[in-house]
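Take a look at the structure below.
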Amino acid sequence: MEERPPQEESLSFETGNGDGARPDTSGQLHDPTEQSPDDWLFDPLTALPSRTLFMERLEQCLADRRTPGPITAVFYVDIDHFKSINENLGYEAGDELLLAVAKRLQDTLRPADTVARLTTDEFGLVLDDLSDIAQAMTVARRITTCLEEPLTVAQLDVFVTASIGIALESDQRENAEVLLRNALEAKDRAKEKGDGGCEVFHTGLAKEALERLQLEHEIRRALDEDELSVRYQPILKISNREVIGAEALVRWEHPTRGTLAPIEFFPLAEATGLIVPLGKFVLDHVCRQARAWQLEGATSSGMRINLNLTPKQLLEGDVISDVAEVLSRSGLESDSLVLELGESAVLDHLELASKFATGLDRLGVQLAIDDFGKDLTAIDFLLRCPVRALKLNRSLVDGVETQENSRAVIRHICSLAHERGIRVTAVGVETETQLARLDDLGCDAAQGFLFYRPMSGEDVAHVLSGAATPAG
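In the working numbering, the protein residues as written are 5 to 476.
What follows is the structure in structure tokens.
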């Protein structure tokens with residue numbers, strides 16, 4: 005998140021002991037306007053040690069180590085979703101939260117342990133004289149537990165979690181920079197697994213980190229050198245097998261690894277923020293392709309192109325503005341575009357998804373919920389927001405021939421959707437028997453290998469013109 009200068013009157017925790025010396029961590033409240041020569045060693049908001057002092061203390065611990073004997077551990081603690089606190093409650097609330105978290109960390113650890121503020125929403129801990137990894141994990145559990153009780157911020161109860169990375173010194177005699185880097189890498193891996201996670205660094209992570217760094221560089225190159233391509237899987241109306249749409253599927257034509265599917269590079273693109281420029285690239289490509297089909301006379305303006313979005317694109321991008329700009333530039337009518345959000349993304353970000361649905365509706369762009377049916381609590385979203393299409397969870401389609409429960413869920417979804425004017429598409433259809441069952445249950449459209457595999461834009465034009473026949 006963005007740094008901002010702390011306010012002059014911010015409340016902070018004094019780390020002094022009354023005689024001018026500063027011990028390792030906690031202490032009394034103090035007036036931050038009282039300056040001293042070593043103030044640059046301490047964070048002006050929390051009065052915790054700065055990164056500089058943190059590194060000095062870590063280096064001293066490592067210099068004093070005895071082999072064999074107790075070990076030193078570095079903890080990297082990252083407050084999850086801190087940016088949303090600043091955005092929704094304001095920077096002063098963010099400061100309150102940081103102060104409260106700092107106090108809880110200090111109260112949880114030993115007096116001799118170091119708690120430092122490394123970046124805006126990240127804290128570093130140095131724990132010396134640990135016996136083994138089990139003791140480090142015990143400390144991690146205590147940290148997680150200390151944050152479970154709500155924090156009072158802006159007169160509201162706010163619940164927070166933290167992602168924790170741990171690095172322990174080994175017989176390789178790592179220096180302070182290496183240990184901190186290892187803890188950071190472990191924290192990043194913990195964050196990928198979900199909020200409130202904890203990961204201990206191991207040598208395999210170092211190798212993976214190098215591979216990830218290389219892959220990140222290659223993704224940037226792919227965007228610059230046009231290595232990304234888009235395939236399209238036609239969507240057919242079940243009643244007459246007319247092609248009424250196509251889903252855009254990104255592929256990476258890697259120069260040495262061959263064609264890579266999204267699962268092989270999207271997670272890293274999300275973790276690094278590259279998903280935002282990647283998403284813009286794909287959106288522009290897809291809209292230009294759809295408009296080209298229309299200009300070539302291959303399809304009517306009623307055919308829709310579907311494109312899936314990731315949660316990160318909503319959280320960090322400005323998708324509504326991007327869509328408006330691309331539609332204007334490409335000349336594609338807004339009702340020819342359908343943007344898909346996964347059911348889990350909707351449930352995880354209900355308020356944001358609701359605003360997004362409303363914004364798309366104002367543009368005339370349709371919203372579809374993908375992977376629908378795993379959690380029927382998502383039905384409430386359909387009742388409150390302008391959703392125009394659903395795509396069934398693949399497991400429901402897989403079970404439609406043999407599982408009465410799957411059929412009952414599909415029947416219920418179709419009935420409710422049709423009452424709201426929402427069309428239902430089955431994904432992953434592979435057999436005629438599946439198709440017949442889905443038709444009986446009320447599904448409107450289908451896509452899958454029964455009809456077509458993903459294909460190039462040129463091949464889609466052949467399908468639309470009648471020059472190609474379905475796979476089945």
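C-beta atoms are modelled at their ideal positions from N, C-alpha and C, and glycine is treated no differently.
Going by DSSP, name the residue or residues bridged to Phe376. Looking up residue 376 in the sequence shown gives position 372. As DSSP reads the structure, Phe376 sits in a beta bridge with Leu396.
When you compare each of Phe270, Ala187, Glu246 to Arg255 by their alpha carbons, which one comes out closest? For the purposes of this step, residue 255 is identified with residue 251 of the sequence shown, where counting begins at 1. The shortest C-alpha separation from Arg255 is found at Phe270.
Leaving out five residues before and five after Ser419 in sequence, what residues of the same chain have Cβ atoms less than 7 Å from its Cβ? Stepping through the sequence shown from its first residue, residue 419 is reached at position 415. Non-local beta-carbon contacts of Ser419 in its own chain, meaning distances under 7 Å to residues more than five positions away in sequence, involve Gly446 in chain order.
Provide the residue(s) that pair with Gly249 in DSSP beta bridges, ordered along the chain. In the sequence shown, residue 249 corresponds to position 245, counting from 1. In the DSSP assignment, Gly249 forms a beta bridge with Ile239, Arg308.
For Leu109, I'd like the list of residues in its chain whose CB is within less than 8 Å of its CB, leaving aside the five on either flank, ordered along the chain. The residue given as residue 109 occupies position 105 in the sequence shown. The beta carbon of Leu109 sits closer than 8 Å to those of Val81, Val119, Phe127, Leu129, Ile147, Cys150, all from its chain and outside the five residues before and after it, given in chain order.
On the DSSP letters alone, give me the boundaries of the beta strand (DSSP E) that Tyr80 sits inside. On the sequence shown, position 76 is the one that residue 80 refers to. Counting along the chain, the beta strand (DSSP E) containing Tyr80 begins and ends at 75–83.
Enumerate in chain order the residues of its own chain whose CB-to-CB distance from Glu257 is below 7 Å, with the five nearest sequence positions on each side excluded. Taking the first residue of the sequence shown as 1, we reach residue 257 at position 253. Closer than 7 Å at the Cβ level, and outside the excluded window around Glu257, lie Glu231, Ser233, Thr263.
Three-state class that DSSP yields for Leu227 in the structure shown: Locating residue 227 in the sequence shown gives position 223, counting from the first residue. Leu227 sits in a helix when the DSSP states are folded into three classes.
Of the residues Leu122, Glu405, Ile75, Thr156, the one placed nearest Leu184, counting alpha carbons only: Along the sequence shown, one-based indexing puts residue 184 at 180. Scanning Leu122, Glu405, Ile75, Thr156 for the CA closest to the CA of Leu184 turns up Leu122.
Contacts around Ala25, its chain only, beta-carbon distance under 8 Å, and the 5 residues preceding and following it disregarded: One-based indexing of the sequence shown puts residue 25 at position 21. A caution first: Ala25 carries a pLDDT of 35, below 50, which makes its placement in the model unreliable, though a value can still be read off. Excluding residues within five positions, none has a Cβ falling inside 8 Å.
With H, G and I counted as helix, E and B as strand and the rest as coil, what does DSSP make of Ser348? Position 344 of the sequence shown holds residue 348. If DSSP states are grouped into helix, strand and coil, Ser348 belongs with the helices.
Rounded distance between the beta-carbons of Gly249 and Arg308, thought under 8 Å: Here residue 308 is taken as the residue at index 304 of the sequence shown, counted from 1. Here residue 249 is taken as the residue at index 245 of the sequence shown, counted from 1. Contact flag correct, Cβ pair sits at about 4 Å.
What runs of the alpha helix (DSSP H), each 4 residues or longer, lie entirely inside the region 83–145? Within the region 83–145, the alpha helix (DSSP H) runs of at least 4 residues that lie entirely inside it are, in chain order, 86–93, 95–112.
Tell me the rounded alpha-carbon separation between Lys395 and Thr406. Looking up residue 395 in the sequence shown gives position 391. Looking up residue 406 in the sequence shown gives position 402. Spanning the two alpha carbons is a distance of roughly 20 Å.
Leu164 - DSSP class collapsed to helix/strand/coil: Counting from one through the sequence shown, the residue named residue 164 turns up at place 160. According to the sequence displayed, residue 164 carries Val and not Leu. DSSP places Val164 in the coil class of the three-state scheme, outside both helix and strand.
Quick one: Cα of Val286 to Cα of Glu274, how far? Position 282 of the sequence shown, counted from the start, is the residue given in the question as residue 286. Position 270 of the sequence shown, counted from the start, is the residue given in the question as residue 274. Their backbone Cα atoms lie some 15 Å apart in a straight line.
Quick one: residues in its chain with C-beta nearer than 6 Å to the C-beta of Arg427, no 5 flanking neighbours on either side, listed in chain order? Position 423 of the sequence shown, counted from the start, is the residue given in the question as residue 427. The residues are Ala393, Asp448.
Tell me which residue opens and which closes the beta strand (DSSP E) that Ala382 is part of. Translated into positions along the sequence shown, residue 382 becomes position 378. If you look at Ala382, you'll find it isn't in any beta strand (DSSP E); DSSP assigns it neither H nor E.
Cross-strand partners of Phe360 (DSSP beta bridge): Walking along the sequence shown from the start, residue 360 turns up at place 356. Beta-bridge pairing links Phe360 to no other residue.
Below 8 Å between beta carbons: does that hold for Asn310 and Glu251? Residue mapping note: residue 310 aligns to position 306 of the sequence shown, counting from 1. Residue mapping note: residue 251 aligns to position 247 of the sequence shown, counting from 1. If you check the CB distance, Asn310 and Glu251 come in under 8 Å.
Counterpart residues of Leu343 in DSSP-defined beta bridges: Looking up residue 343 in the sequence shown gives position 339. Beta-bridge pairing links Leu343 to Leu311, Leu371.
Using beta-carbon positions only, say whether Ala361 and Glu344 come within less than 8 Å of one another. Taking the first residue of the sequence shown as position 1, residue 361 is located at position 357. Taking the first residue of the sequence shown as position 1, residue 344 is located at position 340. In terms of Cβ geometry, Ala361 and Glu344 do not form a close pair [threshold 8 Å].
Take Leu101 and list the residues in its own chain whose beta-carbon comes closer than 8 Å to its own, dropping the five residues that flank it on each side. Taking the first residue of the sequence shown as 1, we reach residue 101 at position 97. The beta carbon of Leu101 sits closer than 8 Å to the beta carbons of Ile83, Phe86, Ile89, Leu155, Val157, Val162, Val164 from its chain, once the five residues preceding and following it are set aside; these are given in chain order.
With contact counted as at least three CB pairs below 8 Å, one residue from each stretch, are the region 428–440 and the region 454–468 in contact? Pairwise C-beta distances place the region 428–440 in contact with the region 454–468, as three or more of them are shorter than 8 Å.
Inter-residue spacing [alpha-carbon to alpha-carbon] between Leu57 and Phe46: Taking the sequence shown and counting its residues from 1, one reaches residue 57 at position 53. Taking the sequence shown and counting its residues from 1, one reaches residue 46 at position 42. Going by the C-alpha atoms only, they are around 7 Å apart.
Can you tell which of Arg216, Val413, Leu240, Leu172 has its C-alpha closest to the C-alpha of Phe205? As a first step, residue 205 must be located in the sequence shown, where it is residue number 201. For the options Arg216, Val413, Leu240, Leu172, the alpha carbon positioned closest to that of Phe205 is the one of Leu172.
Give me, in chain order, the residues of the same chain whose beta-carbon lies closer than 8 Å to that of Glu347; leave out the 5 immediate sequence neighbours on both sides. Taking the first residue of the sequence shown as position 1, residue 347 is located at position 343. Same-chain partners within the cutoff: Ile373, Asp374, Asp375, Phe376, Gly377, Lys378, Asp379, Ala382, Asn397.
Classification of Glu423 by the beta-carbon crowding that lies within 10 angstroms, buried from 16 upward: By 1-based counting over the sequence shown, the position of residue 423 is 419. Glu423 is exposed by the Cβ-count criterion.
On the CB-based measure, 16 or more other CB atoms within 10 Å of its CB, does Ser174 come out buried or exposed? If you number the sequence shown from 1, residue 174 lands on position 170. So Ser174 ends up on the exposed side.
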